[in-house]
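Trainee: Just passing along the structure, written as structure tokens.
Protein chains in written order, with UniProt numbering: chain A, 1 to 443; chain B, 1 to 443.
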């Protein structure tokens with residue numbers, strides 16, 4: 001496999017072999033392998049690349065890896081790479097870099113590139129302005145298709161994309177977009193204004209980047225025009241950046257839902273302490289929250305002492321409640337993320353999940369009854385079965401409602417999902433269990 | 001909000017109001033709202049659309065919603081829509097439709113469209129062939145840039161995209177791709193072969209569609225040429241379909257990781273029984289697996305009876321082990337999905353997770369010691385603390401290793417992740433707890 005071959009070459013310090021290996025791979029494959037290595041090895045490999053491939057590979061690296069690689073280069077190579085970067089990639093690199101590094105980058109840039117970068121960095125973190133490309137080819141209203149194509153030929157060399165062309169008035173205000181496809185396929189004397197898509201989606205530079213990216217995906221756009229507060233075109237958000245934004249957002253959501261602080265780097269490049277640090281905060285919070293369960297059990301200690309068999313089913317009930325709550329929470333968080341559910345739906349969702357929980361609980365209660373009756377006795381079995389029904393319904397409602405309520409008050413729903421829901425359901429589920437036990441068993 | 005306004009219009013049966021509402025929205029917004037409605041309302045709304053917008057809205061719908069809408073149309077409208085669809089969208093619609101519906105669709109198609117659809121459906125489910133568009137503009141080697149543009153103008157009207165153009169030899173075998181950007185920006189007499197990107201990524205029609213989509217994302221491609229076994233160009237996989245593929249795959253993964261059978265439809269459109277059905281199988285499996293925990297506790301019943309305080313910490317330990325295992329499993333499954341980890345990494349990953357678990361366990365053990373000492377006594381606290389350390393390490397190793405081992409033997413890693421890992425760790429964690437208790441407390 002690729003990594004094994006590379007690992008062998010590195011162990012043997014076979015420089016010629018490494019160069020051959022690098023030359024045979026596509027740029028994105030090289031970037032992928034570099035991302036899996038520790039920083040020093042990544043720099044070593046990068047410096048073995050052919051000069052004409054170095055930039056292409058560099059552009060495919062994550063900002064974190066770009067930083068590592070740049071830190072290992074001498075001034076000339078450093079500044080050549082940085083100058084040649086697209087301004088939006090450079091802004092992203094600097095946005096996540098320490099101050100000294102950022103200064104070194106900016107110091108070596110030409111005036112034009114430094115200005116573009118400073119403009120982009122002026123936008124708030126996480127906004128469209130930080131991800132868009134300012135290098136666009138705006139077309140003036142009143143051009144014909146062939147004049148427009150001439151414009152594209154004249155100015156298109158540096159543009160991030162020429163497939164989506166914003167059409168502007170004399171003050172650079174957005175009037176619509178025309179696609180290169182339409183320009184090419186239309187008769188040359190057709191007016192551009194006839195080819196423009198009416199009511200094109202667009203975003204403000206200060207809008208949230210992730211929402212803009214999901215909008216692009218929903219509307220099947222290759223690029224989204226970006227305007228300032230006076231509707232003047234300032235850039236384009238392209239599909240490749242939108243896709244990366246969505247993938248990063250999904251990875252973050254998934255991390256949060258499993259009680260992990262999102263780790264922005266490559267999984268294999270994380271050290272033991274970095275991984276531990278991304279998980280410890282949540283684990284500590286949850287174990288402290290779990291003290292609730294200890295307290296609940298202390299309150300019911302006499303009941304437990306009278307019917308010790310009740311203790312046998314604690315993990316089963318706590319686990320089932322956790323699973324049911326986790327299912328509901330995960331579905332709700334995902335539906336929120338892809339836009340299938342809105343915070344206003346919370347009552348409808350809670351009512352529906354309550355019925356789902358009852359239905360599921362009823363089916364599981366049969367199993368619970370069987371397990372209880374076979375392993376202990378009938379009264380305990382009834383207690384377990386009834387508890388399963390109530391706990392499942394309760395867990396489903398809490399699981400689905402909490403993410404929606406969280407989003408309503410401005411908290412990231414992924415944070416308030418499976419792990420928190422499970423812990424809450426654990427404690428309350430135990431209370432439900434013992435109250436039912438007291439009622440059924442008369443203790 | 002949008003839905004509230006629409007809901008009111010529907011309740012009042014305000015047809016003119018609904019038509020106005022529909023006319024004011026972008027096609028993808030209309031499609032989004034239709035997807036949130038039940039099938040009958042969706043058909044009603046669809047039939048209120050202007051004829052010229054109907055197709056655009058229809059193309060934005062999910063295959064499930066497309067089926068609902070079509071089922072509510074009369075023959076003429078039905079066949080007009082179906083004939084106008086892109087062949088890849090039609091193949092996707094039919095792939096998930098019942099046989100009678102599929103027959104009705106195929107019966108009304110023109111010969112050319114029926115042939116294209118039959119070709120696409122001939123590919124295995126989940127393969128690139130089912131998602132690609134066969135409507136491409138291949139360019140013959142030996143053309144100049146301006147001749148190539150002429151070709152695009154002549155044949156490009158029906159093509160799915162003209163931005164990525166496959167270059168072929170006399171036998172239609174793929175030689176490379178050229179982008180429309182390069183054609184437009186180059187001097188007219190430049191040979192196309194000089195503009196071709198060497199070693200372009202491509203896929204076989206029988207390759208896995210999700211892998212091809214992730215490849216496109218990694219390599220920043222707008223379209224991926226697809227070839228048959230003899231390297232002849234048969235279609236292009238475009239970025240919009242790739243992005244949908246990835247979103248669907250991620251949603252499936254997320255569902256499986258929370259013990260849910262993936263539900264392909266819109267979250268809000270699912271009925272109570274449909275939601276329950278997507279969750280019950282796993283819940284039943286897990287509650288049956290949880291019987292293990294009951295058995296384990298029965299084995300140690302005497303120990304429990306001697307030191308009843310041990311029962312107080314069962315939910316806390318089981319919960320902490322579940323959280324630690326779930327963190328590791330979720331990170332591993334996500335890293336596998338985005339290609340940052342490969343199955344061959346399992347030993348490296350397991351060793352790293354073991355150390356992470358020890359480190360986390362040590363930190364949590366301090367908290368466990370405090371809780372135990374404050375609420376019960378010191379010997380029990382030591383038992384809890386030691387158990388936390390061992391359980392965390394064990395959970396982290398199991399959590400990360402199981403998905404990788406599953407993938408190695410061909411099982412979807414998302415299926416063997418958090419829910420299964422948690423249940424396994426519950427039972428083994430209890431064994432660890434009681435063995436430590438016997439050693440420390442001398443029971």
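Think of the CB as a built atom: it goes at the ideal place given N, C-alpha and C, for glycine as much as any other residue. Fair warning: this is a prediction, and the values are worked out from it, not measured in the lab.
(1) Per the contact definition of three or more C-beta pairs closer than 8 Å, is the stretch 219-235 of chain B in contact with the stretch 123-141 of chain B?
(2) Taking residue 62(B) and residue 95(B) to be in contact with their CB atoms under 8 Å, please state how far apart those CB atoms are, rounded to whole angstroms.
(3) Mapping DSSP to helix, strand and coil, what is residue 28(B)?
(4) Determine whether the Cβ of residue 414(A) lies closer than 7 Å to any Cβ atom of chain B.
(5) Can you check which of these residues, 300(A), 163(A), 357(A) and 337(A), is closest to residue 320(A) by C-alpha distance?
(6) Should residue 366(B) go down as buried or exposed, given a rule of 16 or more other Cβ atoms within 10 Å for buried?
(7) Determine the burial state of residue 70(A): buried for a count of at least 16 other Cβ atoms within 10 Å of its Cβ, exposed for fewer.
(8) Within its chain, find whatever has a CB closer than 8 Å to the CB of residue 68(A); leave out the 5 residues flanking it on each side and keep chain order.
(9) Distance, Cα to Cα, residue 166(B) vs residue 87(B)?
(10) In whole angstroms, what separates the C-alpha of residue 463(B) from that of residue 173(B)?
(11) Starting from the beta carbon of residue 160(A), find every residue of chain B whose beta carbon is closer than 7 Å, and list them in chain order.
(12) Kindly identify the DSSP beta-bridge partner or partners of residue 204(A).
(13) Determine the direct distance from the alpha carbon of residue 231(A) to that of residue 46(A), and round the result to whole angstroms.
(14) By the DSSP assignment, the beta strand (DSSP E) with residue 188(B) in it spans what residues?
(15) Determine the chain A residues that contact residue 210(B) at a beta-carbon separation under 9 Å, and present them in chain order.
(16) Please tell me whether residue 190(B) has its Cβ less than 7 Å away from any Cβ of chain A.
(17) Please report the distance separating the alpha-carbon of residue 121(A) from that of residue 204(A).
(18) Measure the C-alpha to C-alpha separation of residue 409(B) and residue 139(A) and round it to an integer number of angstroms.
(19) Along chain A, which residues have their Cβ under 7 Å away from the Cβ of residue 386(B)?
(20) Is residue 454(A) helix, strand or coil when you go by DSSP?
(21) Between residue 418(B) and residue 318(A), what straight-line distance do the alpha-carbon atoms span, to the nearest angstrom?
(22) DSSP three-state call for residue 356(A): helix, strand or coil?
(23) In the DSSP assignment, what residue or residues form a beta bridge with residue 139(B)?
(24) Can you have a look at residue 13(B) and say buried or exposed, based on whether 16 or more other CB atoms are within 10 angstroms of its CB?
(25) Report the residues of the stretch 369-382 of chain A with a CB closer than 8 Å to any CB of chain B, ordered along the chain.
(26) May I have the straight-line CA-CA distance separating residue 363(B) from residue 273(B), to the nearest angstrom?
(27) Where residue 252(A) and residue 265(A) are concerned, what is the direct C-alpha to C-alpha distance, given to the nearest angstrom?
(28) Rounded to whole angstroms, what is the Cα-Cα separation between residue 93(A) and residue 206(A)?
(29) Please name the residue or residues paired with residue 177(A) in a DSSP beta bridge.
(30) Report back the beta-carbon spacing between residue 113(A) and residue 83(A) to the nearest angstrom; my notes put them in contact at under 8 Å.
(31) What residues in the stretch 316-328 of chain A bring their beta carbon closer than 8 Å to a beta carbon of chain B?
(32) Might you give, ordered along the chain, the residues of its own chain that have their beta carbon closer than 6 Å to the beta carbon of residue 255(A), omitting 5 neighbours on each side?
(33) Return yes when the Cβ of residue 201(B) is within less than 7 Å of the Cβ of residue 223(B), no when it is not.
(34) Mind listing, in chain order, the continuous alpha helix (DSSP H) runs of no fewer than 4 residues lying wholly within the stretch 73-125 of chain A?
(35) Out of 90(A), 89(A) and 443(A), state which residue places its alpha-carbon closest to the alpha-carbon of residue 305(A).
(36) Looking at the strands, I want to know which residues DSSP matches up with residue 233(B).
Mentor: On the basis of the data shown:
(1) yes
(2) That pair is no contact at about 13 Å.
(3) helix
(4) no
(5) Here the closest residue by C-alpha is 357(A).
(6) exposed
(7) buried
(8) Shown here for residue 68(A): same chain residues with a beta carbon closer than 8 Å to its own, the five before and five after excluded, namely 39, 42 and 43 in chain order.
(9) Their backbone Cα atoms lie some 19 Å apart in a straight line.
(10) One cannot answer for residue 463(B) here, as it falls past the ends of chain B, which runs 1 to 443.
(11) Correct list: empty, because the minimum Cβ distance to chain B is about 11 Å.
(12) 227(A)
(13) 42 Å
(14) No beta strand (DSSP E) holds residue 188(B); DSSP gives it neither H nor E.
(15) Chain A residues near residue 210(B): none, gap ~13 Å exceeds 9 Å.
(16) no
(17) 15 Å
(18) 55 Å
(19) Residues of chain A passing the Cβ test: none, with the nearest at roughly 15 Å.
(20) Outside the displayed span of chain A (1 to 443) sits residue 454(A), for which this structure offers no information.
(21) 15 Å
(22) helix
(23) 167(B)
(24) exposed
(25) 371 and 375
(26) 44 Å
(27) 11 Å
(28) If you draw a straight line from the Cα of residue 93(A) to the Cα of residue 206(A), it comes to about 19 Å.
(29) 166(A) and 197(A)
(30) Contact between residue 113(A) and residue 83(A) holds, with the beta-carbon distance rounding to 6 Å and staying under 8 Å.
(31) Within the stretch 316-328 of chain A, the residues whose Cβ lies closer than 8 Å to any Cβ of chain B are, in chain order, 316, 318, 319, 320, 322, 323, 324, 326 and 327.
(32) 262
(33) no
(34) Listed in chain order, the alpha helix (DSSP H) runs fully inside the stretch 73-125 of chain A are 75-84, 87-95, 99-107 and 111-121, counting runs of at least 4 residues.
(35) 443(A)
(36) 227(B)
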